[in-house]
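For reference, each letter of the sequence shown is one residue, going 1 to 55 in our numbering. Take a look at the structure below.
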Amino acid sequence: MSLLDRVQSLKAKHAALDAALDDEARRPAPDEVAIAELKRKKLKIKDELERIAPH
């Protein structure tokens, strides 16, 4: 997998987690534990993106 492929894959995962986070937050009774886990996963991906493709 090339670096570009890896970056695109991570960005797609980040976007999917963002959508899942929005979905959970819109529920009548959002699960705060699930929200925290989704945020941790998003941050991990963001950190990896910064590490492999700094701006």
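We put the beta carbon where it would ideally sit given N, CA and C, even for glycine.
Following the DSSP letters along the chain, one finds Ser9 inside the alpha helix (DSSP H) bounded by residues 3-26. For Lys46 and Glu32, the gap between their C-alpha atoms comes out near 21 Å.
Lys39 places its beta carbon less than 8 Å from that of Leu21. Pairing Leu49 with Ala25, the inter-Cα distance amounts to about 25 Å.
When DSSP states are grouped into helix, strand and coil, Asp31 belongs to the coil group.
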